[in-house]
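Novice: Please see the structure below; I have some questions.
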Amino acid sequence: MRPESIVSQEFARQITALSGELGRQIGVLVDRQGHVLDTMVGDDSRIWIPSLGRERAQRLRGLRLIHTHLKKEPLTEEDLSDLTLLRLDAACAITVDEHGLPEHFHLAYIAPG
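Taken in order, the sequence shown gives residues 0 to 112; the numbers are from numbering that gives the first Met the number 0.
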């Protein structure tokens, strides 16, 4: 994935197609260089993020969470809690339509500084 983009169209299509086929949310953690560091497969309504270890409280982790939502909802309270408590750079949810295609893109981020 290109570091300057949150998620590419191609990646969004791949992750939503797989999520739609499995009937499960799929999430990935991507670093600032665009490398996928971890992949999670949840159930139809949530994913579970593995332990990320300790990080200094004042610093962002340098990771963004990209995951699918099957129920066409925006970012949930749990997503926003993960963003802030885990000190992620950003969290985005891509809703999956009935054909397994990306429908809507929801993004939240923590502004540095």
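Every residue gets a Cβ at the ideal spot worked out from N, C-alpha and C, and that includes glycine.
Identify whether Leu36 lies in helix, strand or coil by the three-state DSSP scheme.
Specialist: strand
Novice: Which value, in whole angstroms, describes the spacing of the CA atoms of Leu79 and Ala107?
Specialist: 8 Å
Novice: Comparing alpha-carbon positions, which option in Glu97, His105, Glu102 lies nearest Leu21?
Specialist: Minimum Cα-Cα distance from Leu21 among the listed residues Glu97, His105, Glu102 corresponds to Glu97.
Novice: Please name the residue in Val35, Arg31, Pro2 whose C-alpha comes closest to that of Arg60.
Specialist: Arg31
Novice: Candidates Thr38, Arg63, Ala16, Leu51: which alpha carbon is nearest Arg1's?
Specialist: Arg63
Novice: Following the continuous alpha helix (DSSP H) through Thr67, name the residue where it begins and the one where it ends.
Specialist: No alpha helix (DSSP H) holds Thr67; the beta strand (DSSP E) holding it covers 62-68.
Novice: Would you please state the rounded distance, in angstroms, between the beta carbons of Leu51 and Leu85? I believe it to be under 8 Å.
Specialist: 6 Å
Novice: Please report the distance separating the alpha-carbon of Ile14 from that of Thr67.
Specialist: 7 Å
Novice: Does DSSP classify Gly99 as helix, strand or coil?
Specialist: coil
Novice: For Gln24 and Gly33, what's the separation of their Cα atoms in angstroms?
Specialist: 21 Å
Novice: Tell me whether Ala110 sits in a helix, a strand or coil according to DSSP, three-state version.
Specialist: coil
Novice: Can you tell me whether DSSP reads Gly26 as helix, strand or coil?
Specialist: For Gly26, the three-state secondary structure derived from DSSP is strand.
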